[in-house]
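Trainee: Can you keep this structure in mind? I'll have questions shortly.
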Amino acid sequence: MGFFVEVLISGLMAGVLYSLVALGFVLIFKASGVFNFAQGAMVLFAALTFVRLLDILKDTFAPITLALIITIAMMIMLAIAIERLVLRPLVNQPGISLFMATLGVAYFLDGFGQTLWGSDIYTLDIGIPKGSIFIFESIFEGGVLVAKEDLVATVIAGVLVVTLAIFFQKTRIGRALRAVADDHQAAQSIGIPLNYIWVIVWTVAGLVALVAGVIWGSKLGVQFSLSLIALKALPVLILGGFESVLGAVIGGLIIGSGEKLAEIYLGPYVGGGIEYWFAYMLALGFLMFRPQGLFGEVHIDRV
Amino acid sequence: MFYREAGQFKTSYKADQAVFPIFQDKIFVAIWLFIGFVVVPMLASEYMFRAIFIPVIIMALAAIGLNLLVGYCGQVSLGSGAFMAVGAYAAYNFMIRVPELNPLICFLLGGLSATVVGVIFGIPSLRIKGFYLAVATLALQFFTDWTFSRIDWFTNYTPSGSIAVQPIEVLGVVFDSPIRKYFLCLVFLVIFTIIGKNIVRGRIGRAWMATRDMDVAAEIIGIRPVYAKLSAFAVSSFFIGVAGALWAFVHLGSWEPLAFDINLSFSILFMVIIGGLGSIVGGMLGAAFITLLPLFLNQLPVWLGINISTAMISHLEFMIFGALIIFFLAVEPLGLARIWQITKEKLRLWPFPH
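Chains as they are written, first to last, in the working numbering: chain A, 32 to 334; chain B, 4 to 357.
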């Protein structure tokens, strides 16, 4: 039983990390209807920028803060550039064209980040505690082994989700974002500037990517494969629903725990490595019952 | 004046239903066939066959196949690499397990296996729509990647997991030289293009297009979505499966599961989008563009005499590729096929505008 809980918890925590990436997708899809495949590349770009700036600025008085500020500035510039160069010329195009355009952005960012900062594997250490601790020792014999960095990541992800929720529900900009998400034309007609909103949304997605990049980067090292975690976040996304922040979180938890449990308990029977596709099959199974994901909006077609 | 259809009257149903109703189109097609079958084999070098013509032709076949699904039936699929893999591995297994079979039959059987897989993984499309479906098709992509690298039976228990094949032999002719391979692929492409073109202008194709434009409305006017969507998946995956078998046996010769990974799926989708959704000729143009672009970008620094490291070149290649994709989508969202169409319309008057 203790082992089961251990696997479950490690799965849940991996799931939190997936939902961090999925969150960025959801934010952009909600506000602009763009299926942003470049989120993974943004994670890589943000993490690379941050880790290299840390290295350059390591002799200054506050390297982490400075690097953070500059990285955030770069993500804002990136958001503006994407809005100007990609979204504006492609306005009113079908979703698939926009999706392909974000694939182009992903290619560009992958290349640009590595041209600018090099393509080695960089270790990122911003003081997240390493090592493991035992918890629940009173409940299970021998306790449950949990990595400290996962705990920290979970706390950060939780804070991020709460912050985003408050931002969306309580602030003026958040309300404008929700209005745009509901209906572009209606939002525009009451005087919400769409282009400005898109810049904000892509900035927020960039910041989420930065957080995800720092956490993933300190776990795995900052390297090209960070860009591929977008593929890990996709099943989370369709499981939770494209339009729901809550869906991204819950979807992440389901996918993360399901994946780990399947690998441990099912994997040995079929030759292992099923983590690779299990998440997708799980999400596909869910979709057969709820085609719009768990918390996605139901679209009613009119003829 | 070069492309004026004035004066070409259709006096019979047969003329009205011709594949190329306009005389100039027939000439164009004839010229292209002449170039493909006579001019290119006379002029091209061995390197050009291997690096340019053969991959472009096979990819054109795959892109036409995917275009039937995405462009005509409106079901976005990110799993075309998986269908190619199924086609390739199925053809391989038919070939080694039933050695007396003609290799061409094996290719078609590979395509049929891809059809079966396509229909099974097309079933979710009856409930799932849009991007949800696109992501769901990735399930197939990852599942086949895993299957062909983990289950040794498919690779005939080769220790490294990679497969090497001999040049295929059909009726005593061994397809070992690039020019023979080229002819083989070209014949495949021509036959499948004719099939594809005729499917999309017939009843099935119209059912697909109605489903694409609005599936609920299509259902109301009497098109059964089950048949329309699943037949699109079936035909499309057959095309892509055959293309996969050709890609593996004729172009690669030896391959491992990674040859059919998600990047291949994305590049076929790029070909379809850049070429033009819902256009057969678009699939070919897109395939040529996407296959040649990396070759061109790779050679560019050499031609310009700039000396940069290979890592740098590959990063720059990524950047330029991405930027060009965005540029193309922004300038001509309907793809190269649309540019071709505009050219034809201009040629109606040019060079005498009055």
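We put the beta carbon where it would ideally sit given N, CA and C, even for glycine.
(1) Could you compute how far the alpha carbon of B/I198 sits from the alpha carbon of B/F241?
(2) Could you tell me whether the Cβ atoms of A/E114 and A/V230 are closer together than 9 Å?
(3) For the alpha helix (DSSP H) that A/A207 lies in, which residues bound it at each end?
(4) Can you give me the Cβ contacts of A/G205 inside the same chain, cut-off strictly under 6 Å, excluding the 5 residues immediately before and after it?
(5) Give me the subset of the region 138-151 of chain B whose CB atoms are less than 8 Å from a CB atom of chain A, sorted by chain position.
(6) Report the rounded CA-to-CA distance for B/W211 versus B/S83, giving the unit in angstroms.
(7) Is B/G215 buried or exposed, if buried means 16 or more other CB atoms sit within 10 Å of its CB?
(8) I want to see whether chain A comes within less than 9 Å of B/E259, judged by CB atoms only; does it?
(9) Taking 9 Å as the CB-CB limit, is A/W308 close to chain B?
(10) Could you name the residues of chain A that B/V43 contacts, counting a contact when the two beta carbons are closer than 7 Å?
(11) Which first and last residues belong to the alpha helix (DSSP H) in which B/F263 is found?
(12) Is it buried or exposed for A/V301, if we count other Cβ within 10 angstroms and need 16 for buried?
(13) Looking at C-alpha atoms only, which residue of B/F324, B/R153, B/A246, B/P127 is the closest neighbour of B/P192?
(14) Could you pull out every unbroken beta strand (DSSP E) segment of at least 3 residues lying fully inside the region 56-95 of chain A, listed in chain order?
(15) Residues of chain B with CB under 7 Å from A/Q124, in chain order?
(16) Listing by chain order, which chain B residues have their CB less than 9 Å from the CB of A/F139?
(17) Please determine, among A/L241, A/A236, A/K291, A/Y227, the residue with the shortest C-alpha to C-alpha distance to A/L58.
(18) Where A/L325 and A/E274 are concerned, what is the direct C-alpha to C-alpha distance, given to the nearest angstrom?
(19) Relative to the C-alpha of A/G278, which candidate in A/Q216, A/Q323, A/G252, A/L297 has its C-alpha closest?
(20) For the alpha helix (DSSP H) holding A/V230, just list the boundary residues, first then last.
(21) Going by DSSP, what residue range makes up the alpha helix (DSSP H) through B/C188?
(22) Ignore the nearest five residues each way along the sequence and tell me which others in A/A263's own chain have a CB closer than 6 Å to its CB.
(23) Under 8 Å by Cβ, that's how I've got A/G271 and A/G282 pegged, so tell me the actual separation to the nearest angstrom.
(24) Measuring alpha carbon to alpha carbon, tell me which of B/I61, B/F146, B/I25 ends up nearest B/Y185.
(25) Leaving out five residues before and five after B/L85 in sequence, what residues of the same chain have Cβ atoms less than 6 Å from its Cβ?
(26) So for B/A167, helix, strand or coil by DSSP?
(27) Is A/G248 near A/F81, with beta carbons less than 9 Å apart?
(28) Please decide whether B/S317 counts as near chain A, where near means a Cβ-Cβ distance under 9 Å.
(29) So the candidates are B/G121, B/A340, B/W156; which of them puts its Cα closest to the Cα of B/T140?
(30) If you draw a straight line from the alpha carbon of B/V101 to that of B/L115, how long is it in whole angstroms?
(31) Counting contacts by CB-CB distance shorter than 9 Å, is A/V301 in contact with chain B?
(32) Compare the C-alpha of A/Y227 against each of A/L284, A/S220, A/A207, A/I269 and name the closest.
(33) Going along chain A, which residues have a C-beta under 8 Å from B/F263?
(34) Kindly provide the ranges of any alpha helix (DSSP H) runs that are 4 or more residues long and lie completely inside the region 304-343 of chain B, ordered along the chain.
(35) What is the DSSP secondary structure of B/S282, reduced to helix, strand or coil?
(36) Looking only at its chain, what residues have a beta carbon closer than 7 Å to the beta carbon of B/T196, apart from the 5 residues adjacent to it on each side?
Mentor: From the atom records:
(1) The straight-line gap from Cα to Cα measures roughly 12 Å.
(2) Closer than 9 Å, so yes.
(3) From DSSP, the alpha helix (DSSP H) with A/A207 extends over 203-213.
(4) Cβ neighbours of A/G205 beyond the five flanking positions: F198, F199.
(5) Those would be V138, A139, L141, A142, F145, F146, D148, W149, in chain order.
(6) Rounded to whole angstroms, the gap between the alpha carbons of B/W211 and B/S83 is 19 Å.
(7) It should be pointed out that residue 215 of chain B corresponds to Arg in this sequence rather than to Gly. By the 16-neighbour rule on beta-carbons within 10 angstroms, B/R215 is buried.
(8) Using beta-carbon distances, B/E259 does not count as an interface residue toward chain A, since no partner is under 9 Å.
(9) Yes - at least one Cβ of chain B is within 9 Å of the one on A/W308.
(10) Ordered by position in chain A, no residue passes the 7 Å Cβ test against B/V43, which lies about 30 Å from the chain.
(11) Note, B/F263: premise wrong, no alpha helix (DSSP H); not H, not E.
(12) It counts as exposed.
(13) Residue identity check: residue 192 of chain B is Leu in the sequence provided, not Pro. Ranking the options by Cα distance to B/L192, first place goes to B/A246.
(14) With a minimum length of 3 residues, no continuous beta strand (DSSP E) run stays inside the region 56-95 of chain A.
(15) By Cβ distance, chain B contributes P336.
(16) Under the 9 Å cutoff, chain B gives F321, M322, I323, F324, G325, A326, I328, I329.
(17) That would be A/A236, whose Cα lies nearest to the Cα of A/L58.
(18) Taking the straight line from one Cα to the other gives about 10 Å.
(19) If we check each option's Cα against that of A/G278, A/Q323 comes out closest.
(20) Start and end: 225-251.
(21) Here the alpha helix (DSSP H) through B/C188 covers 181-203.
(22) For the sequence presented, residue 263 of chain A should be read as Lys rather than Ala. Close CB contacts of A/K263 within its chain, under the 6 Å cut and outside five residues either way in sequence, are with Y49 (chain order).
(23) Contact check for A/G271 and A/G282: beta-carbon distance about 3 Å, within the 8 Å limit, so the pair qualifies.
(24) For B/Y185, the closest C-alpha among the options B/I61, B/F146, B/I25 is that of B/I61.
(25) As written in the sequence, residue 85 of chain B is Ala, which differs from the Leu given in the question. Same-chain partners within the cutoff: L143, Q144, T147.
(26) Strand at B/A167.
(27) Closer than 9 Å, so yes.
(28) Interface residue, yes.
(29) Looking at the Cα atoms, B/G121 is the closest of the given residues.
(30) Rounded to whole angstroms, B/V101 to B/L115 spans 16 Å at the Cα level.
(31) Closer than 9 Å to some Cβ of chain B, the Cβ of A/V301 qualifies, so yes.
(32) Checking every option, the nearest Cα to that of A/Y227 belongs to A/A207.
(33) By Cβ distance, chain A contributes nothing, its closest Cβ being about 14 Å from B/F263, past 8 Å.
(34) Fully contained in the region 304-343 of chain B are the following alpha helix (DSSP H) runs of length 4 or more, in chain order: 313-334.
(35) Of the three classes helix, strand and coil, the one that applies to B/S282 here is coil, per DSSP.
(36) For B/T196, where only same-chain residues beyond five positions count, the Cβ hits under 7 Å are I67, I283.
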